[in-house]
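Notes for the one structure printed next.
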Amino acid sequence: MIRNLSIILALFAACLAGCDLATQPILTSSPEANPTTALATTIIPGANAPVQTITPSNTPTLTPLPTPLLPTDTPIPTVIPLASPVTTLTTNCLTIAPALPADSPAAGRLVLEVPRGIEYSGSNIWLDLETGRITPIVNPENIDRGGYIASPNGQRLGYWEITLGGDGSYSAMSFVVADPTGQVLNKVPGDVEHWDAFYWLDNDQVVIGFYIEPMILDPISGEAFNTTEWYAQSPGGMLEISFKTWEANGSFDSWRTRILYIMYDLSMVLWDLEAEQIVATDPPVKIKANLFHIPLSRPKWSPDNVQVVFAYPVSEESPLEQELYSLSRDGVLSRLTYLNEYYSQVEIKHFSWSPDGRYIAFFFEDLSEPDPVEQFAVLDITTLEIKGYCNVSGKASASPDPVWSPYGNMVLVSQVENETTQNTILIDIVHDVAVLIAEGVIPGAWLVENEP
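Take -11 as the starting number for the sequence shown in the numbering used here and just add one per residue.
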């Protein structure tokens, strides 16, 4: 399921808190499991986080980014893909266990969300991994909340809060940041007409935007960095990706010194915001062969800002054959995967970096199959080895980005059981264990009280 195409619908699902708690996801435990490590479930009817009175921050003060120079006749450097070692792919078909083994403990709290759509019901939940306690998230009257995403270190939780008018329309909108216990730290008033999707740039900044130029926001101080002037003068023009699943039309590094975006002619550009010049373009091929094969997932910078990774067609002649590529901040291009050596028409969907920058977890499917099945895999960026995990995803869909543990050893994925049921699976990539964490909900955020 495509999480970011319409975040507002996801918010609608969040208001269904008053439903029958009998439909809540249940965490099951294996009878053989060690009772000290198995996750037991306690459902607290009507449980709710403490009500707080929060004084919202003022409307964000905008600080402009450097104004780019318009391109000149200087030749644009084009980076030729480097020869990369061929990745190896191994497949590990895991049995979904009801509980984690004793040598694979999980820590922290999860926020899990009900998928959007009229076929789904229930409420978003908190799940304590150490006690197994499930707490429904109950919204106040005329308030919708949703779109929960944690910062990479698991110390902050970001989400939307929408105030509904008497006729059900959206009358106000805020971006909320909370601590790992759910205590609200700040609310930043926003633009109900345009704010739609967001992602964490690092542990202290979020990028908000979708249909207009994005804003880079410090959600604690409320300080924002205006990108409007830059987008208006971006060399080659900025292609709007609103019909896809990118949270913003371009991908910034967290230092705000680089941005990777797609120009109007459907070629990619890496732009240096400080030197005001193009670093590289056209990596690795132009995708103008087919507008609708722009990668589904936004390019993502590594946690150390050394490289940005994106899915891209192998050639203009084969727009349905995608691989993962890496572009360094200095414009050096490398090919990371060779999945089409094993499959026929690979489409890479959503992916995410582990917090330590060693792994990339991603979904893909082989479009040549008559009934494609979504597959999940993890790429080790240091060895370029790919481990595929079968039996953990399910029917083809656009699942949300995999949600990593702040410790980088576990990852949450969505499992599509059928048209009306999606579950959350936890995978321990160290011990190769998969566990059904909750039914009827999909991954949202993973939080820990002590920073890794």
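Don't be surprised by glycine CBs; every beta carbon is placed ideally from N, CA and C.
Exposure label - residue i; buried when at least 16 CB within 10 Å
i: ALA263; result: exposed
i: GLU427; result: buried
i: GLY120; result: buried
i: ASN278; result: Confidence at ASN278 is low in this model, with a pLDDT of 48, below 50, so the placement of that residue should be treated as unreliable; the coordinate-derived value is given next. ASN278 comes out exposed.
i: LEU173; result: exposed
i: THR412; result: buried
i: THR215; result: buried
i: GLY153; result: exposed
i: THR443; result: Past the edges of the chain, shown from -11 to 440, lies residue 443, and the structure says nothing about it.
i: ALA171; result: The amino acid occupying residue 171 in the given sequence is Gln; Ala does not appear at that position. It counts as exposed.
i: VAL418; result: exposed
i: ASP416; result: buried
i: TYR219; result: buried
i: ASN112; result: buried
i: ASN130; result: exposed
i: ALA1; result: Model confidence at ALA1 stands at a pLDDT of 39, short of 50, so the residue's coordinates are unreliable; what they give is reported in the following sentence. Under this definition ALA1 is a buried residue.
i: THR83; result: exposed
i: PRO140; result: buried
i: GLY156; result: exposed
i: THR371; result: exposed
i: PRO358; result: exposed
i: LEU249; result: According to the sequence shown, residue 249 is Tyr rather than Leu. With 16 or more other Cβ atoms within 10 Å, it is buried.
i: ALA236; result: buried
i: THR24; result: Reliability of the predicted coordinates at THR24 is poor, the pLDDT of 32 falling under 50, and the value obtained from them is presented with this limitation in mind. By the 10 Å Cβ count, THR24 comes out exposed.
i: ALA90; result: exposed
i: GLU304; result: exposed
i: VAL361; result: exposed
i: TYR347; result: buried
i: SER209; result: exposed
i: GLU373; result: exposed
i: THR78; result: exposed
i: THR62; result: Any reading at THR62 needs caution, since the residue's pLDDT is 36, under 50, leaving its predicted position unreliable; the model's value is listed next. Counting Cβ neighbours within 10 Å, THR62 comes out exposed, since fewer than 16 surround it.
i: PRO343; result: buried
i: SER159; result: exposed
i: SER356; result: exposed
Member of the options whose CA lies at the smallest distance from the CA of residue i
i: GLY142; options: LEU98, THR151, GLY120 and GLU211; result: LEU98
i: TRP183; options: THR269, PRO223, ASN379 and MET161; result: MET161
i: GLY225; options: MET256, GLN333 and SER242; result: MET256
i: PHE447; options: PRO358, ASP368, SER322 and SER356; result: With the chain covering only -11 through 440, there is no way to say anything about residue 447.
i: ILE135; options: GLU329, PRO431, ASN438 and VAL404; result: Here the sequence assigns Gly to residue 135, which means Ile is not the residue at that position. Ranking GLU329, PRO431, ASN438 and VAL404 by Cα distance to GLY135 puts PRO431 first.
i: GLY178; options: ALA85, SER381 and TRP148; result: TRP148
i: THR75; options: SER393, LEU115 and LEU327; result: LEU327
i: VAL441; options: LEU205, SER402, VAL436 and ASN438; result: Residue numbering for the chain in the displayed model covers -11 to 440; residue 441 lies beyond these limits and cannot be assessed.
i: GLU329; options: GLY345, VAL180, ASP344 and VAL302; result: VAL302
i: LEU284; options: VAL297, PRO291, SER290 and ASN293; result: VAL297
i: ASP253; options: GLU228, PHE240, LEU261 and GLN265; result: GLU228
i: ALA166; options: ARG133, GLN410, ARG323 and GLN295; result: ARG133
i: PHE352; options: ASP292, PHE240 and ASP389; result: ASP389
i: VAL176; options: TYR158, ALA212 and MET251; result: ALA212
i: MET251; options: ILE266, GLY197 and VAL294; result: ILE266
i: VAL294; options: TYR331, SER306, TYR300 and ARG244; result: ARG244
i: ILE137; options: LEU414, PRO128, THR151 and VAL164; result: VAL164
i: ASN80; options: VAL380, ILE150, ALA299 and LEU324; result: VAL380
i: THR409; options: LEU324, ARG323, GLY110 and ASP354; result: GLY110
Integer Cβ distance of residue i from residue j, believed to fall under 8 Å
i: VAL391; j: TRP434; result: 5 Å
i: LYS288; j: SER340; result: 7 Å
i: GLY238; j: PHE186; result: Incorrect: roughly 14 Å between the Cβ atoms, too far for contact.
i: SER242; j: ASP318; result: That belief does not hold up - the Cβ atoms of SER242 and ASP318 are roughly 17 Å apart, past 8 Å.
i: PRO207; j: VAL194; result: 6 Å
i: TRP259; j: PRO202; result: Actually they do not touch by this definition, with Cβ atoms about 14 Å apart.
i: PRO168; j: VAL399; result: Not a contact, Cβ separation roughly 18 Å.
i: TYR377; j: PRO440; result: In fact, because the Cβ distance is near 23 Å, the residues do not count as touching under 8 Å.
i: GLY345; j: SER290; result: 5 Å
i: ALA95; j: LEU117; result: 6 Å
i: VAL429; j: LEU100; result: 4 Å
Interface flag, residue i vs chain C, CB-CB below 7 Å
i: GLY238; result: Among the protein chains of the structure shown there is no chain C, as only one such chain exists.
- Are three or more beta carbon pairs between the region 121 to 131 and the region 411 to 422 nearer than 8 Å? In short, these stretches do not touch, since the Cβ pair count stays below three.
- Message: Just to confirm the assignment: which complete beta strand (DSSP E) runs, minimum length 3, are found wholly within the region 286 to 358?
- Response: Listed in chain order, the beta strand (DSSP E) elements of length 3 or more contained wholly in the region 286 to 358 are 295 to 303, 306 to 316, 321 to 323, 334 to 341 and 347 to 354.
- Okay, do the region 335 to 353 and the region 294 to 314 touch, 3+ Cβ pairs below 8 Å being the bar? yes
- Task: Quick one: which unbroken beta strand (DSSP E) runs of 3-plus residues sit fully inside the region 103 to 150? Chain order, please.
- Result: 113 to 116, 121 to 124 and 131 to 138
- Complete runs of the alpha helix (DSSP H) confined to the region 158 to 220 [at least 4 residues]: Whole alpha helix (DSSP H) segments, 4+ residues: 216 to 220.
- Message: I'd like the ranges of any beta strand (DSSP E) spanning at least 3 consecutive residues and lying wholly in the region 360 to 430.
- Response: 361 to 368, 373 to 383, 398 to 406, 409 to 416 and 421 to 427
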